[in-house]
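This report refers to the structure that appears directly beneath it.
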Amino acid sequence: MKKNILYVTSFLAFTLGGISCADSFLELEPKTGQVEANYYKTEDQALLAVAAVYDAYSVQNWQFAPTMADIFSDDAFCGGSNVNDMSQWHEMEMFVMTPENNSSSDLWNRCYSGIYRANLYLQKQEGVSWETEGMKERLEAETLFLRAYLYWDLVRHFGYVPLITDVLPSVEDYKTIPQNTPDEIFTQIASDLLKAVAALPVEIPASEKGRISKGAAQALIARIYLYHEGFVKPVIGVGNWSDGATTIDKTYVQAALEQIITSNQYSLLPDYADLWDWENQNNAESLLEIQYSDKAKSGDWGGWNINGNFSCVWIGVRNPVGDNGRIYPGWSFAQPTWSLYNEFEAGDPRRDVTIYNADERLSSYTKAFMNTGFFNNKYLALNDYIGSGGDPSHNFPRNFVDIRYADVLLMAAELFLTDNPSKALDYFNEVRTRALGDDAALTALTLDAIYHERRVEFGGEGLRKWDLLRRGNDYAAAKINASFNVPSGLPNQSDFAPRTFKAETWGMFPIPASEIRNTNEGVLSQMVPAYK
């Protein structure tokens, strides 16, 4: 129990957390008061309580941030059966989201559900009878990391959100919590992550794969810093990123990335394709993976007791025939664009690892709305991995790779580009030559080359949106708008109505109308220019 805490069922996670991810953050009265009163006494109970926070990090329902980010960007079209299928994603794709958008409210509620669980655990941890040296500090650090991650999701999707770091006495207290500025949210994120870095272990034993390491926290700091520096500061107008004592600046992040690199805990896999082998998860290149499994045998539409990677089916091929029956049928969302397909250089093996070309590999399939013939090959649902219980579409044991070592190297290349071009080039070429061989190594490096490499290296992994935004609104607009310049003569040409990037959205969502209605009048309001 003390080692493998991550495969807790959703039922346990919801019970310990006191609320489900479908609930508003205002619906916080414990549904299992007797359980809570008797809980947080033993170390095993503490482990399960923290697993409930991990659960909020992993929940997908209809708001899985990486999939939505790809659809927002120039890497994927929304797809589906028609324009009304997941209309909330089509609204996002066309920059016409409203406060009634279900994905917006689902994301908001998932994050505040997890924050509530984190706050509850942090409040209760002092009552635990600790047996293992260092366990209290480690679980606290994991919880702080997860809370920071959830606030990171909130601030980059909504901007101005309530900052809640304690469990409040009643629902009425939550109705009066004002919105905080992005600056204040980033300050809290910095505080939580810096504390986590100080306490998390450098090495994670094989028996604990999936738990958070110091390297994962340092890499997340680097990822957030690049977005904060490139987008939040110039567009929203915030100050330097700090917890009030330590400023997370370029020098700090360079040092953090070099600590990861010199820790010898991570390495690039020799073969890029091996990253996406279902039997090779939590491998040497992985710093952070969302853990999914088929262990929730009751996972089904009725109970939503899901531990599997639901998005494998979202992005799948409709009614596939051929390819030796490998492909489990899916719903054709987030179909890769021609823009992404054409970004790959001739002979780059990453293209066919990233993009499944159904027209070439299947004898037939249903060509639905916005069909390109391309599908996200990294997470495509496979018949060999159907779970033994519940609805198969809910129970695919395919982890989502959130942060990997290639990203550490390319972030380091970007941050050292002007200060130490030789070092930046070495980091960059480690990634490039892994895929293309030594002859493809560059002799000089530019920011455009780094962005190209990031796109072909991380296609289908949910990073492109944030890369586009941090290069500025003009850059994002040019790339996003151009992705709808599709080949002429398509049988479904009318599916691709032109879209125009709206800089005033800041790449964010409107605050859910349900939250504005549920709080006291004037407490929450739309602060992002597009939604005022």
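Numbering (mature numbering (1 follows the signal peptide of the UniProt record, and there is no 0)), first residue to last: -22 to -1, 1 to 510. Note that CB positions come from ideal geometry on N, CA and C, so glycine has one too.
If you draw a straight line from the Cα of His372 to the Cα of Asn398, it is about 47 Å long. Tyr334 sits in a strand when the DSSP states are folded into three classes. The residue among Met348, Val386, Glu408 and Lys273 with its C-alpha nearest the C-alpha of Ser366 is Lys273. In this structure, Phe322 sits away from Asn335, with a CB-CB distance that is not shorter than 8 Å. Secondary structure at Pro314: strand, using DSSP grouped into helix, strand and coil.
In the structure shown, Gln504 adopts coil according to DSSP, grouped into three states. Judged by DSSP secondary structure, Asp426 falls outside any beta strand (DSSP E) and instead within the alpha helix (DSSP H) spanning Leu425 to Phe436.
Counted as a single uninterrupted DSSP element, the stretch harbouring Asn355 is not any beta strand (DSSP E), since DSSP gives it neither H nor E. Three or more beta-carbon pairs drawn from the region 282 to 300 and the region 337 to 345 are found closer than 8 Å, and the two stretches are therefore classed as touching. Residue pairing by DSSP puts Val139 in a beta bridge opposite Asn158.
Taking all protein chains in view, the Cβ of Pro507 is surrounded by fewer than 16 other Cβ atoms within 10 Å, so the residue is classified as exposed. Annotation: Asp362 to Asp151 spans about 50 Å, alpha carbon to alpha carbon. With the rule of 3 Cβ pairs closer than 8 Å, the region 122 to 131 counts as touching the region 168 to 183. Here Ile239 is not bridged, per DSSP, to any residue.
Per DSSP, the unbroken beta strand (DSSP E) holding Asp380 starts and ends at Phe378 to Arg382.
Rounded to whole angstroms, the Cβ separation of Tyr35 and Tyr127 is 6 Å, and the two are in contact under 8 Å. Where Phe50 is concerned, the enclosing alpha helix (DSSP H) starts and stops at Ala43 to Phe50. Residue state for Leu266 is assigned as strand, using DSSP reduced to three classes. The C-alpha of Tyr18 lies about 32 Å from the C-alpha of Ser492. Annotation: Ser51 to Gln103 spans about 41 Å, alpha carbon to alpha carbon. Of the residues assessed, Pro160 falls on the buried side of the cut-off, its CB having 16 or more other CB atoms within 10 angstroms.
Contact between Gln269 and Asn377 holds, since their C-beta atoms are separated by about 6 Å, short of 8 Å.
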